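As structure tokens, the structure follows; a few thoughts come after it.
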Amino acid sequence: MDLARSLVRPGTWLAAVFLASCVAACSGADPAAPGQSPPDDTELQPEPPTEPEPEPPPGPPIDVQRYEVTGEFDWSRGRLVATVAVTFLPGDDGLRSLRLDSAVAEVKAVRLAGGTDLPFAVDAELRALLIDVSRVPDISADQAITLEIDYEAAESDALHAIPARRGDPAASRAVYTLSEPLNAALWMPCHNTPEDRAVFSIDLGMGAQETMIANGTLVSDEQGASGRRMKYATDYTVPIYLMAFAIGDFEVEGTMKGSLPVSVWHRRGVPGDYDRLLDEVVRSIGLFEELLVPYPFEKYALVLVPEYGGGLENLGITFQGESRSTAPTSSGDLRLTIHELGHQWFGDLVTVETWDDLWIKEGMATLLAEEGARLYLDESGEGTLNGDSFAAVVDSLIVDPDRDPDDKYTSGPYGRAAWLLTQIRSLIGEESFWGTLRDVLNDHRFGAIGTDEFLGAFARHLGPDATARARRALRASALPHLDLGRSPSGGVLVTLRDPDGALVAPLELLWIADDGTTRSQVLELDQGADVAPQQEGELLIFDPLDRHIPWFYLVDDSSLDPEGHAARFSSFRLPTSPSQVANLLEAGGVHQTAALNVGLPETLAPGAFAAFLDGLDAEDAKGVAVAAACVRAADPALDPALRAAWSSALAPLLAGPPFARWTEFTPGLEYGACGEVVDALALYADEWSALAAGPPAGDLSDAHLQFLYNFELPLETVVSAWGNVARQSSSLRARSLAMTRIRLDIDRARPEHVPALRAFFAEIVPSTEVFDLLYQALDGLSRTKAPTATENAEALAALRQQLRAASTTPLDGLVVCVAHELTQGDAAAWSEFVGGLDGVELSAEAAAMLADPSSC
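Residue numbers (our numbering): 463 to 1318.
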């Protein structure tokens, strides 16, 4: 599962993800915490038992052999109406009562396969279905029993039902599951523990034009008078949290990797670079097969679903959000796709015994994502291990038994776990590292593994001391840190501290002299090291094997370093001579990126910049270099002739053709300064004209739009170009990006621009019920409101129109509150607004706000 680098736990709906990202975009805040809680699940009502309520079963746990689901999703009621046949081994002779995990809306009946009804009770608080099996004759531990459970499951964090919506260019519905870690019980009674794998089949009805994708092989597909019915089944076991389906009006883009079908499923009309996406998936499968074992399942399908902000590695059928997976030339999209693919080996072929072992699958998938993206992160591929790509946070433990399963999805099991694995990799070498992983996959194929056994697999290569350090690192809370001070030589005195034992491998520095000779420094714990060049022209490479997290995680905030030791340390990494530049170009992409994050080499002239850029090994490094060059050229103190030279050097690089590869890969870099160096209005004149004209000419790729987003334009162009994207683009992702760009420009709008912006947001409000678009339009209206209700009349009419629409949205309460704000205390205007809603069926929240706007 993808952490999305935002630490939003699984099951959080897109409303929360979007709101968090929206706040971050507007204020620069950390988007780690969700901005809104999901709606409450349907309250579970206990089924009246026909017999006294059974007690939870004593004795050993059951072993489920098979789940067989049959039913259909009732769109009129928002419920999955289904029967699940659960075949299990009782685990105990004479078992009298059975407990399954269940938080479905209603259990209607439980019976022994073949007909005998069984007493049952539902405990909503414990999320349990308690079944009296005392009537089942001759129960023995090794004799399989099949129960059939009729039930209904409501829409929830686990069962997402997205109807066709106003303002969504792909106007089709979709329903899909998101079960990890414990949400499977929300859509199916089950034994909800990861290590109890079972064979799975699902047989569901749907609309005639709709298609289902699920785990396993398609075994039947029938069209009938009332619609279509499809069934999938596996002939291997699946962890309960990876059993999944999605139904929608899907288009399928496909290819083959040998005999393996590889496909991308997306709602009809959702645009994307699917050929490139398929190429990247096929390439990555080939890489992982070389490193690990052959791909283990009958197909790989990447399913893009609406209103989901992350990725979930359902076995053989990864689900990813439409808003994060259509641009494989973008770093974030690519890494997410490869991360989820990596789970097919770690998580799916071999899963975890308990949720405390989450780090095994997430750490490995995080490591594999960077390995799969190495082609773009470090083209040289020499001697670096991608450690610089991993993130770690204090108090985010790799293994944290004190957290509930839902709360374990911190950076600990992701970046911090990948860092631990990378340290192990660096100590035992490539052959032993990948060989050990192959052994784990072969020995536990279609099974589970726990922390002790997984780490123990490396022990014979690590030795007892390093193994002990690795075990300690699993529970480390604090990060290592570097204390910086003044050294006698005039350099920096660096003292390494590691209070919790997070380090397993040494932390090293490498110095490269002008002539290419090198010297190493190993930072010993609690011993100050004099870090300074020993001869003129030495260049510092921090962590030359790239097995550790970036150095900025290891130092205090620069505000606590008034003498500038951190800046001085960083300066040793930036080339100051042509020979140092040459040495940097030989150092590998990750070290190039790290150095350029400090700044651009002072000696680099505009005329040499194109060749320098071409010599860099990483797309990240190229993007950082161009952004740094723009910052240098935009310096108002720079000589005008030099500024003009930089402008001439940068313009063709920024222009294409048709646009630079690195602008796609790193669209989030701060290219805004480039707009002060080149005339972005002229340089991208064709793009702005196409956007203003609208689709199809204005349907530029999402990746290119993400790059263009960086540039400030005259407000008239913003509204004409980006406004048309927000209204008409065939990509919902592009519409959201355009809305964000326009909202950001409110802050620099002059008074004469505000009415046009307010009119734009008023146009959007009644035209959409897509959460992120509507939220941004409401925020835009609030921020562009006029001082009187009369001047806000158009906006108030738009808000009333939204509330009068046939369907409600989760934002209807906010619509009411924005309307009250726009009346500006005018009682007559508020009364007119309320009167215009007579007879309208409002959501409970909207009705409450309308009755008492002071609660806004």
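Where a beta carbon is used, it is the ideal one built from N, C-alpha and C, also for glycine. For clarity, every value in this text was computed on a predicted model and none was experimentally measured.
Distance between P701 and A1291 (C-alpha atoms, nearest Å): A direct Cα-Cα distance of roughly 58 Å separates A1291 from P701.
Per-residue burial, P581 [other beta carbons within 10 Å of its own, 16 or more giving buried]: With 16 or more other Cβ atoms inside 10 Å of its own Cβ, P581 counts as buried.
Neighbourhood of A831 by C-beta distance below 7 Å, restricted to the same chain and skipping five residues each side: Hits under 7 Å: R797, I800, H801 and G804.
Sub-7 Å separation of E1126 and A1165 beta-carbons: Taking 7 Å as the cut-off, the beta carbon of E1126 is found closer than this to the beta carbon of A1165.
Enclosing beta strand (DSSP E) for V548 [first to last residue]: V548 -> beta strand (DSSP E) spans R541 to L551.
Contact under 7 Å by Cβ, G999 with S1039: A contact, by the Cβ cut-off of 7 Å.
Every unbroken alpha helix (DSSP H) within the region 1192-1244, with a cutoff of 4 residues, ordered by chain: With a minimum length of 4 residues, the continuous alpha helix (DSSP H) runs that stay inside the region 1192-1244 are 1194-1206 and 1216-1226.
For Y638 and A708, believed in contact at Cβ under 8 Å, the rounded distance: So it is a contact: roughly 4 Å between Cβ atoms.
CB-CB length for V993 against V956, believed under 8 Å: Here V993 really is in contact with V956; their C-beta atoms are around 5 Å apart, less than 8 Å.
Status (buried if at least 16 other CB within 10 Å, exposed otherwise) for Q782: Q782 should be labelled buried.
Other residues of its chain near P723: CB distance less than 7 Å, five sequence neighbours each side excluded: Result list for P723: G716 and K761, in chain order.
Simplified DSSP state of Y1171, which is helix, strand or coil: In the structure shown, Y1171 sits in coil (DSSP, three-state: anything other than H, G, I, E or B).
Beta-carbon contacts of D665 that lie in its chain and below 6 Å, excluding the five residues immediately before and after: Result list for D665: T532 and K693, in chain order.
Proximity to A789 [Cα-Cα], best of A695, T1128, P1176 and G1185: Selected option, being the one with the closest Cα: T1128.
DSSP beta-bridge partners of D866: When DSSP reads this structure, D866 sits in no beta bridge, so it has no partner.
Closer than 7 Å to chain D by CB, I1226: The structure shown contains no chain D, having only a single protein chain.
A495, DSSP secondary structure in three states: Summary for A495: the model assigns pLDDT 29, below 50, so the residue's position carries little reliability; its value from the coordinates is reported in the next sentence. In this structure, A495 counts as coil in the three-state DSSP scheme.
Start-end ranges of the beta strand (DSSP E) lying completely within the region 665-707, minimum 3 residues: Counting only runs of 3+ residues, the beta strand (DSSP E) found wholly inside the region 665-707 occupies 673-676, 679-686 and 689-695, in chain order.
Whole-angstrom distance between L621 and R691, CA atom to CA atom: So the alpha carbons of these two residues sit roughly 19 Å apart.
Reduced DSSP category for F759 - H, G, I as helix; E, B as strand; rest coil: In this structure, F759 counts as coil in the three-state DSSP scheme.
Option nearest G1134 by Cα separation, candidates A1091, A1099, R729 and A1107: Closest by alpha carbon: A1091.
DSSP state of I1003 mapped onto helix, strand, coil: In the displayed model, I1003 falls within a strand according to three-state DSSP.
Between the CA atoms of D1207 and R628 - distance to the nearest angstrom: Distance between the alpha carbons of R628 and D1207 is about 25 Å.
Supposed close pair G710, S634 - CB separation, criterion 8 Å: Between S634 and G710 the Cβ distance is about 6 Å, and since that is below 8 Å, they are a contact.
S725 - partner residues in DSSP beta bridges: DSSP, once it has assigned bridges, lists G716 and A763 as partnering S725.
Three-state secondary structure (DSSP) of D945: Of the three classes helix, strand and coil, the one that applies to D945 here is strand, per DSSP.
Inter-residue Cα distance where the pair is L1273 and L889: Each residue's alpha carbon lies about 53 Å from the other.
Selected residue, minimal CA-CA separation from A626, among F1233, A1257, L1304 and F895: Cα-wise, what sits closest to A626 is F1233.
Pairwise C-alpha distance: L883 and R931: L883 has its alpha-carbon roughly 12 Å from the corresponding atom of R931.
Candidates P1176, M463, L1235 and S1244, of which the one nearest R1195 by Cα: Nearest C-alpha to R1195: L1235.
Uninterrupted beta strand (DSSP E) stretches inside the region 536-623 (no shorter than 3 residues): Counting only runs of 3 or more, we get 541-551, 559-563, 568-574, 582-585, 590-594 and 607-616.
Separation of F1071 from E1064, as counted between CA atoms: Taking the straight line from one Cα to the other gives about 12 Å.
Proximity winner among V1277, Q1286, M463 and A547, relative to D810 (alpha-carbon distances): For D810, the nearest C-alpha among the options comes from M463.
Paired residues, beta bridge with V956 - DSSP: Within the DSSP bridge table, the entry for V956 names L946 and A991 as partners.
DSSP state of L965 mapped onto helix, strand, coil: L965 sits in coil when the DSSP states are folded into three classes, being neither helix nor strand.
Short Cβ contact (7 Å threshold) for R1094 with V1060: No, they are not a contact pair.
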